[in-house]
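Undergrad:
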Amino acid sequence: MQEVPTSQEGMAERQQPILAGKFKLLNSGQVDGSFKPTDPKFRDRLEKVRKELGVKYVFAPSLAFTKRTGSVTNPMEAGYMVGPEGKAGVQEEGIVRTIAKADGGIIFLDELKDFGLEAKDIALAGFNADCPFIVGYEEEKKALFMLHAGLGCLHKFGDTGKNTIFQQMLEQYHLNPKKIKIHVTAGIQKCCYGRNDEYFPRVFDEWGLDLKDVATEERKGQTSLDLSKMIEKDLARMGVPDENIVCDKTCTCHSGDYWSNVKGNPERNLVLVQPDF
């Protein structure tokens, strides 16, 4: 397990290759404003990033703690597209959202050519405010994926199903965990993830008391959950080798670089992943 040291160097540093030769990660934080899909300037801001990166399409699933992962090359997933002129419909470039809610996106690079695309033409995107993303590459099927890894995508609440989003993706797309390299993005850490209600005890009962702590920063004194450790546990039990995992332990709540739901920010950060070959 490798940890990414916390940094105050801004987006330029966060754009550097995380796992060279596999993918590049951009985590905007507060640098370019809010990327909340309901924000009036959301499309313009994401279009600006898309053009700066030189990609034709940004595939951005509509998150809703579903544990479902949509494939870029599945025509049924392309619910609607907004092009550079703000028009919905079939476009030669633009932002693609899923018609059904999904909390993960996956690109099978060898399938892109069937759609007249190359790896450099497309990126995956998600929008968060404390929930980390699991970004990964599976070598056998040449699959790049990004998964929303908030608590609701890891633990069963209501009708969400017992499997985690990572386990569900492995089973749905028949990926080999031994051949996966992972980067877990910055997210809320145990220093700030405090809450005193019935939810955390349910999590500890299933996942173990080693996830339990006490918040020392935001929500100080409340029972806290080590979400990073929870993700690492899930990756390990699913068979991902420890040496294939990089985890950014930057806390999105108190680092000052990110919008944070726990701090009451209504805005959202952009997390974007590109193939890097």
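Heads up: the sequence shown is residues 141 to 417, going by our numbering. Glycine included, C-beta positions come from ideal geometry on N, C-alpha and C.
1) What first and last residue would you give for the beta strand (DSSP E) that runs through Leu284?
2) Considering only the alpha carbon of each residue, which of Pro177, Arg190, Lys181, Val195 lies closest to Pro201?
3) Considering only the alpha carbon of each residue, which of Thr304, Lys403, Gln308, Thr238 lies closest to Met216?
4) According to DSSP, Asp353 sits in a beta bridge with which residue or residues?
5) Rounding to the nearest angstrom, what Cα-Cα distance links Arg359 and Glu338 in this structure?
6) Find the nearest neighbour of Leu165 within the set Phe255, Cys332, His323, judged by alpha-carbon distance.
7) Using three-state DSSP, classify Pro415 as helix, strand or coil.
8) Among Glu258, Val386, His288, Val343, whose alpha-carbon lies nearest the alpha-carbon of Thr209?
9) Assign Phe255 to buried or exposed, taking buried as 16 or more other Cβ atoms, counted over all protein chains shown, within 10 Å of its Cβ.
10) State the DSSP-derived secondary structure class of Gln156, mapped to helix, strand or coil.
11) Going by DSSP, what residues sit across from Phe267 in a beta bridge?
12) Would the stretch 300-309 and the stretch 371-386 be scored as touching if the rule is three or more Cβ pairs under 8 Å?
13) Near Pro406, what residues of its chain come up, given a Cβ to Cβ distance below 6 Å and the 5 sequence neighbours on each side ignored?
14) Tell me, please, which residues DSSP counts as bridged to Glu278.
15) Which two residues bound the contiguous beta strand (DSSP E) that contains Phe248?
16) Starting from Tyr398, trace the alpha helix (DSSP H) both ways and give me its first and last residue.
17) Is it buried or exposed, His295, if we count other Cβ atoms within 10 angstroms and call 16 or more buried?
18) Are Cys293 and Asp250 closer than 7 Å when you measure CB to CB?
19) Pick out whichever of Cys393, Asn384, Glu372 has its Cα sitting closest to the Cα of Thr356.
20) Could you check which residue in Glu311, Pro415, Gly404 has the C-alpha nearest to that of Cys332?
21) Quick one: what does DSSP say Phe205 is sitting in, helix, strand or coil?
22) Under the rule that 16 or more other beta-carbon atoms within 10 Å means buried, what is Ser147, buried or exposed?
23) Asn336: buried (16+ other C-beta within 10 angstroms of its C-beta) or exposed?
24) Roughly how many angstroms lie between the CA atoms of Val236 and Tyr197, to the nearest whole one?
25) List the DSSP bridge partners of Phe182.
26) What distance in whole Å lies between the Cβ atoms of Trp399 and Glu211, which are believed to be in contact at a cut-off of 8 Å?
27) Could you tell me the distance, in whole angstroms, from the CA atom of Ile320 to the CA atom of Ile328?
TA: Short version:
1) Stepping through the sequence shown from its first residue, residue 284 is reached at position 144. 283-288 is the span of the beta strand (DSSP E), which, as asked, contains Leu284.
2) Within the sequence shown, residue 201 is the residue found at index 61, counting from 1. It is Pro177 whose Cα lies nearest to the Cα of Pro201.
3) Residue numbering aside, residue 216 sits at position 76 when the sequence shown is read from its first letter. Considering only alpha carbons, the answer is Thr238.
4) In the sequence shown, the residue the question calls residue 353 occupies position 213. In DSSP, Asp353 forms a bridge with Ser364.
5) In the sequence shown, the residue the question calls residue 359 occupies position 219. In the sequence shown, the residue the question calls residue 338 occupies position 198. The alpha-carbon atoms of Arg359 and Glu338 are separated by roughly 16 Å.
6) Within the sequence shown, the letter at position 25 stands for residue 165. Considering only alpha carbons, the answer is His323.
7) For the purposes of this step, residue 415 is taken as residue 275 along the sequence shown, with counting starting at 1. In this structure, Pro415 counts as strand in the three-state DSSP scheme.
8) The count along the sequence shown starts at 1 and reaches residue 209 at position 69. When each option's Cα is compared against that of Thr209, the closest is His288.
9) Residue numbering aside, residue 255 sits at position 115 when the sequence shown is read from its first letter. Label assigned to Phe255: exposed.
10) If you number the sequence shown from 1, residue 156 lands on position 16. Only weak support exists for where Gln156 lies, its pLDDT of 45 falling under 50; the coordinates are left without a value.
11) Start at 1 with the first residue of the sequence shown, and residue 267 comes out as number 127. Its beta-bridge partners are Leu410.
12) yes
13) Locating residue 406 in the sequence shown gives position 266, counting from the first residue. Correct list: empty, nothing qualifies.
14) The sequence position of residue 278 within the sequence shown is 138, counting from 1. Per DSSP, Ala283, Ile320.
15) Within the sequence shown, the letter at position 108 stands for residue 248. It spans 244-248 - the beta strand (DSSP E) in which Phe248 sits, taken as one unbroken run.
16) Here residue 398 refers to the residue found at position 258 of the sequence shown. Neither: Tyr398 is in no alpha helix (DSSP H) and is coded neither H nor E.
17) Locating residue 295 in the sequence shown gives position 155, where the first residue counts as 1. Buried: at least 16 other Cβ atoms inside 10 Å.
18) Indexing the sequence shown from 1 puts residue 293 at position 153. Indexing the sequence shown from 1 puts residue 250 at position 110. Result no, Cβ atoms of Cys293 and Asp250 do not sit closer than 7 Å.
19) Taking the sequence shown and counting its residues from 1, the one referred to as residue 356 is at position 216. Comparing Cα positions, the closest option is Cys393.
20) The count along the sequence shown starts at 1 and reaches residue 332 at position 192. Comparing Cα-Cα distances from Cys332 to each of Glu311, Pro415, Gly404, the minimum goes to Gly404.
21) For this step, residue 205 is matched to residue 65 along the sequence shown. Note: Phe205 maps to coil in three-state DSSP.
22) Position 7 of the sequence shown, counted from the first residue, corresponds to residue 147. Note that Ser147 scores a pLDDT of 45, beneath 50, so its modelled location is shaky; the value from the coordinates is reported in the next line. Exposed, since its Cβ has fewer than 16 Cβ neighbours within 10 Å.
23) Here residue 336 corresponds to residue number 196 of the sequence shown, with the count starting at 1. The residue is exposed, with fewer than 16 neighbouring Cβ atoms inside 10 Å.
24) Taking the first residue of the sequence shown as 1, we reach residue 236 at position 96. Taking the first residue of the sequence shown as 1, we reach residue 197 at position 57. Looking at the two C-alpha atoms, the distance is approximately 7 Å.
25) In the sequence shown, counting from the first residue as 1, residue 182 sits at position 42. Paired residue(s): none; Phe182 is not in a bridge.
26) The residue you call residue 211 lines up with position 71 of the sequence shown. The residue you call residue 399 lines up with position 259 of the sequence shown. For the sequence presented, residue 211 should be read as Ser rather than Glu. Their Cβ separation, rounded to whole angstroms, is 28 Å, which puts Ser211 and Trp399 out of contact at 8 Å.
27) Taking the sequence shown and counting its residues from 1, the one referred to as residue 320 is at position 180. Taking the sequence shown and counting its residues from 1, the one referred to as residue 328 is at position 188. Cα to Cα, the separation comes out at about 24 Å.
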